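Q: Everything in the sequence shown is counted per the numbering used here, starting at 2 for the first residue and increasing by one. Note that beta-carbon positions come from the ideal geometry of N, C-alpha and C, so glycine has one too. Computed from a predicted structure; not experimentally measured.
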Amino acid sequence: MVFFKELGDFLWGGPLLGAFLVVGLWYSFATGFFPIFGLPVWWKTTIGSLFRRGKEKKGGRGVTQLQALSTALAATVGTGSIAGVATAIAYGGPGAVFWMWMSALLGMAVSCGEKILAVRHREKGPDGHWRGGPMEYMKNGLHLPGLGKLFALLCVAETLAGGNLAQANSIATALSAAGGARPLVVGVVLAIITAIVLAGGIKRIGKLCELLVPAMALLFVGAGLAVVAVHWQAVPTAFQQIFTYAFAPRAIAGGYAMGTALRYGVARGVFTNEAGIGMSAIAHACADVDEPAEQGMWGIFEVFFATVVICTVTALVILTSGVYDPSQTLALAEAGTLPQRMLGAPMTAAGFATLFGEAGEWIVAVSLILFAFTSLIGSGYYGRRGVETLTGSQWVMGLYLLVFPACIIFGAVGDITAVWQLVDVFNGLLLLVNLPALLLLSPEAVHLLRTWLEGRRAVRLGREGSGND
2 MVFFKELGDF LWGGPLLGAF LVVGLWYSFA TGFFPIFGLP VWWKTTIGSL FRRGKEKKGG
62 RGVTQLQALS TALAATVGTG SIAGVATAIA YGGPGAVFWM WMSALLGMAV SCGEKILAVR
122 HREKGPDGHW RGGPMEYMKN GLHLPGLGKL FALLCVAETL AGGNLAQANS IATALSAAGG
182 ARPLVVGVVL AIITAIVLAG GIKRIGKLCE LLVPAMALLF VGAGLAVVAV HWQAVPTAFQ
242 QIFTYAFAPR AIAGGYAMGT ALRYGVARGV FTNEAGIGMS AIAHACADVD EPAEQGMWGI
302 FEVFFATVVI CTVTALVILT SGVYDPSQTL ALAEAGTLPQ RMLGAPMTAA GFATLFGEAG
362 EWIVAVSLIL FAFTSLIGSG YYGRRGVETL TGSQWVMGLY LLVFPACIIF GAVGDITAVW
422 QLVDVFNGLL LLVNLPALLL LSPEAVHLLR TWLEGRRAVR LGREGSGND
């Protein structure tokens, strides 16, 4: 696995970060930094629409926009939001949080374009429901079906590795540590539940995620904010560390520097919100929506919630609770002796424990289980769509629906340390395939966004004019 580790380090050490920053800046400039200046519009279109239930269609050819968002977040907000942020801080320093925010800022524009293109070029499947994503906009927009099939192949590989093995192992480990459950039993039960949900298609997946995603968000964010509130006096120091370490031109204080913070912050931010990777666009393409740009607003909110909200709460819990010391952590990391309790979920759990005691560890364990399970479900659907793109054979699809649950059992009982190296590689390759497509199709995405905004503006002015008569 040394080859995969070196390949992953190479991809994320420069080429991918540079490509993501270029595409992110292009979309940001082309849209007039809409995610910032258009905040009232996309906030009203997403959160505001939740209070207008009458707007939802009955008997449509897809899922509701909330269900599409929940399915995308289910696969996006996974263990990276709990364990990944802690690891980024341990190796990249507090400054990694700042670059995580910057990746989210650029990622919101990229994600908006992704979702617009996914809806614009989607198709109706044999079941009459919408289906789309990078495979469709590469085929229908760029007229490069071969590129779409390459993306589909990498998508299937990633969902079996990071979306399956890693998540199943996280659930089994958490339940074993918290309640003494046997990993094999956890794996079998989890495989059966997942197989049943996946067999129901996007409708069943969307309904399940619509229930679980808000619940897990309220649990984790609510408890995390409570920890930060108790340690409120340390909040200014935490923000000072974030900004200071983000721009350190050379080793300072604990020894972290800007280059390290940039590398881990951007990479972890992209991993967390999947902006540019393209897989979450598969879920958004299923939404019952007429205007592609309207779904783009949910793409912006997805990145905002996954990175700016969830990851920031995790980071502040770690930085304000006193469980993290920059100098000590970097010294151990450089010596290769960083203990597990100072990495990943254990560090996050230690932060929660400063307020909730042992219950804090349970909060992190339950959140981790919910996050990992929903990631498992979302990834399973993405894998199905990848198989559909590669072949229309029902035999192959049936084989995938057997292999995916089998991998869950293997992931629950096996040692999958090397799997994360594969995840880095597959995510990086997906990004390399999808970013050029997004760049080439950016004029269409920007045009659809501007046309939709002009239409909204015209309707608003018409209503104001009628009111004045």
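(1) Please say whether VAL228 and PHE353 have beta carbons closer to each other than 7 Å?
(2) Under three-state DSSP, which class holds GLU487?
(3) When you compare only the Cα positions, how much space is there between MET101 and ALA307?
(4) Locate the alpha helix (DSSP H) running through HIS285, then write down its first and last residues.
(5) What residues match up with ALA124 in a beta bridge as DSSP calls it?
(6) On the criterion of 16 or more Cβ atoms from any shown chain inside 10 Å, does ASP425 qualify as buried, or is it exposed?
(7) Mind reading off the beta-carbon distance from LEU439 to VAL24? Whole number of angstroms is fine, and I expect it under 8 Å.
(8) Answer with buried or exposed for GLU57, where buried requires no fewer than 16 other C-beta atoms within 10 angstroms of its C-beta.
(9) Please confirm whether ASN274 and GLY39 have their CB atoms less than 7 Å apart.
(10) On a Cα-Cα basis, can you pick out the residue from GLY129, LEU377 and LEU212 that is closest to ALA173?
(11) How would you call PRO215, buried or exposed, if buried means at least 16 neighbouring beta carbons within 10 angstroms?
(12) Reducing DSSP to helix, strand and coil, say where ALA196 ends up.
(13) Tell me, to the nearest whole angstrom, how far the beta carbon of LEU371 is from that of MET217; I am working on the premise that it is less than 8 Å.
(14) Comparing alpha-carbon positions, which option in ARG269, THR392, VAL290 and LEU320 lies nearest VAL304?
(15) Could you check whether LEU432 and ILE278 sit closer than 7 Å to each other, using their CB atoms as the reference points?
(16) If we count the other Cβ atoms within 10 Å of its Cβ and call it buried at 16 or more, is THR392 buried or exposed?
(17) Mind checking which residues open and close the alpha helix (DSSP H) that includes TRP44?
(18) Considering Cα atoms alone, identify which of GLU7, SER380 and LEU403 is closest to ILE206.
(19) Drop a sphere of 10 angstroms on the beta-carbon of ALA286, count the other beta-carbons inside from all chains shown, and report buried for 16 or more, exposed for fewer.
(20) Mapping DSSP to helix, strand and coil, what is ALA239?
(21) With 16 other CB atoms within 10 Å as the buried threshold, where does ALA351 fall?
(22) Which of the three DSSP states, helix, strand or coil, is assigned to ALA288?
(23) Is it the case that the stretch 394–412 contacts the stretch 234–246, given that we only count it when at least three CB pairs across the two stretches are under 8 Å?
(24) To the nearest whole angstrom, what separates the beta carbons of ALA413 and GLY133, a pair I think is in contact under 8 Å?
(25) Checking 7 Å against the spacing of the C-beta atoms, do PRO146 and ASN435 come in under that value?
(26) I think ILE319 touches ALA89, with their Cβ atoms under 8 Å apart; what is that distance to the nearest whole Å?
(27) Taking 8 Å as the cut-off, does the stretch 448–455 touch the stretch 111–122 (at least 3 CB pairs, one atom from each stretch)?
(28) Our contact map puts LEU213 next to THR375 with C-beta atoms below 8 Å; I'd like the distance itself, whole angstroms only.
(29) Can you list, in chain order, the residues of its chain whose CB lies under 6 Å from that of GLY142, leaving out five sequence neighbours each side?
(30) Starting from TYR382 and walking both ways along the alpha helix (DSSP H), at which residues does that stretch end?
(31) Report the three-state DSSP secondary structure of ASP326 (helix, strand or coil).
(32) Looking only at its own chain, which residues have a Cβ that is under 6 Å from the Cβ of GLY384, when we skip the five neighbours before and after it?
(33) Do ALA192 and PRO406 have their CB atoms nearer than 7 Å?
(34) Pull up the distance between the alpha-carbon of PRO485 and that of ALA169, whole angstroms please.
A: Put simply:
(1) In this structure, VAL228 lies closer than 7 Å to PHE353 by Cβ.
(2) Given that the chain is displayed from residue 2 to residue 470, the structure contains no residue 487 and the question cannot be resolved.
(3) Looking at the backbone, the Cα of MET101 and that of ALA307 are separated by about 11 Å.
(4) Unbroken alpha helix (DSSP H) run through HIS285: 281–285.
(5) With the sequence shown as reference, residue 124 is identified as Glu, and Ala is not the correct amino acid for it. Residue pairing for GLU124: DSSP places it in a beta bridge opposite ARG132.
(6) Classification for ASP425: buried.
(7) Between LEU439 and VAL24 a beta carbon distance of about 6 Å is seen, short of the 8 Å cut, so the two are scored as contacting.
(8) Note on GLU57: pLDDT 49, under 50, position unreliable in the model; the coordinate value appears next. By the Cβ neighbour-count rule, GLU57 is exposed, with fewer than 16 other Cβ atoms within 10 Å of its own.
(9) In this structure, GLY39 does not lie closer than 7 Å to ASN274 by Cβ.
(10) Closest in alpha carbon position to ALA173, among GLY129, LEU377 and LEU212, is LEU377.
(11) Flag for PRO215 reads exposed.
(12) ALA196: helix per DSSP, three-state reduction.
(13) Right, their Cβ atoms sit about 4 Å apart.
(14) Looking at the Cα atoms, ARG269 is the closest of the given residues.
(15) Yes. Within cutoff.
(16) Exposed.
(17) Where TRP44 is concerned, the enclosing alpha helix (DSSP H) stretches over 40–47.
(18) When only C-alpha atoms are compared, the closest one is SER380.
(19) By the 10 Å Cβ count, ALA286 comes out buried.
(20) ALA239 falls in the helix class under three-state DSSP.
(21) It counts as buried.
(22) Three-state result, ALA288: strand.
(23) No: fewer than three Cβ pairs fall under 8 Å.
(24) Contact between ALA413 and GLY133 does not hold, since the beta-carbon distance rounds to 32 Å and is not under 8 Å.
(25) Taking 7 Å as the cut-off, the beta carbon of PRO146 is found no closer than this to the beta carbon of ASN435.
(26) With 8 Å as the limit, ILE319 and ALA89 do not qualify as a contact, their Cβ atoms being about 10 Å apart.
(27) Taking a cut-off of 8 Å on C-beta distances, the stretch 111–122 touches the stretch 448–455, as three or more cross pairs fall below it.
(28) Correct: roughly 5 Å between the Cβ atoms.
(29) Closer than 6 Å at the Cβ level, and outside the excluded window around GLY142, lie HIS122 and LEU442.
(30) Element bounds for TYR382: 359–391.
(31) The three-state reading of DSSP puts ASP326 in coil, since its state is none of H, G, I, E or B.
(32) Short of 6 Å from the beta carbon of GLY384, and not among the five residues preceding or following it, lie these beta carbons of its own chain, in chain order: VAL157 and THR160.
(33) Judged by their CB atoms, ALA192 and PRO406 are nearer to each other than the 7 Å cut-off.
(34) There is no way to answer for residue 485, as the model of the chain reaches only from 2 to 470.
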